[in-house]
Amino acid sequence: TYSSWQPEGQTSSVHSHATTVEELRSEGIYEVVTPAELVDRLRAKDRSATCVLHPLVGGMPIDEGWSSMRLYGEEVLPALG
């Protein structure tokens with residue numbers, strides 16, 4: 244969806260051709276993880292660990308984006324204290 248917004252000849256520095264979660268994971272451009280997986284990854288690093296969220300990545304339906312944000316706010320942040 245995102246690439247369809249670009250004029251002919253223009254490309255993004257990051258471009259995914261995935262149409263399923265499995266394809267997206269296999270491309271290695273974006274990580275798709277559960278809240279528990281993210282908590283484990285962040286705990287394994289020092290207190291300066293960061294993560295970048297892309298809740299509306301490349302045309303993601305807005306309801307799914309909000310769902311991701313809710314999971315982050317309700318499950319990830321409280322677990323990290």
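Heads up: the sequence shown runs through residues 244 to 324, numbered per this note's numbering. Note that CB positions come from ideal geometry on N, CA and C, so glycine has one too.
Inset, instruction - To the nearest angstrom, report how far apart W248 and R286 are at their CA atoms. - result: Numbered from its first residue, the sequence shown carries residue 248 at position 5. Numbered from its first residue, the sequence shown carries residue 286 at position 43. W248 and R286: Cα-Cα distance of roughly 38 Å.
Inset, instruction - Could you tell me the distance, in whole angstroms, from the CA atom of A279 to the CA atom of P250? - result: Here the question's residue 279 lines up with position 36 in the sequence shown. Here the question's residue 250 lines up with position 7 in the sequence shown. Cα to Cα, A279 sits roughly 39 Å from P250.
Inset, instruction - Tell me where the alpha helix (DSSP H) around V282 begins and ends. - result: As a working mapping, residue 282 is identified with position 39 in the sequence shown. DSSP places V282 in the uninterrupted alpha helix (DSSP H) bounded by P278 to R286.
Inset, instruction - Measure the alpha-carbon distance for A274 versus R268 and round it to whole angstroms. - result: As a first step, residue 274 must be located in the sequence shown, where it is residue number 31. As a first step, residue 268 must be located in the sequence shown, where it is residue number 25. Rather than Ala, the amino acid found at residue 274 in this sequence is Glu. So the two alpha carbons sit approximately 6 Å from each other.
Inset, instruction - Mark L296 as exposed unless 16 or more other C-beta atoms lie within 10 angstroms of its C-beta, in which case mark it buried. - result: Taking the first residue of the sequence shown as position 1, residue 296 is located at position 53. Classification for L296: exposed.
Legend entry - Own chain partners of G308 with C-beta closer than 6 Å, once the 5 adjacent residues on each side are dropped: The count along the sequence shown starts at 1 and reaches residue 308 at position 65. The beta carbon of G308 sits closer than 6 Å to the beta carbons of P298 and L299 from its chain, once the five residues preceding and following it are set aside; these are given in chain order.
Inset, instruction - Answer with yes or no whether the minimum CB distance from G252 to chain D is below 9 Å. - result: Absent from the structure: chain D. Only one protein chain is present.
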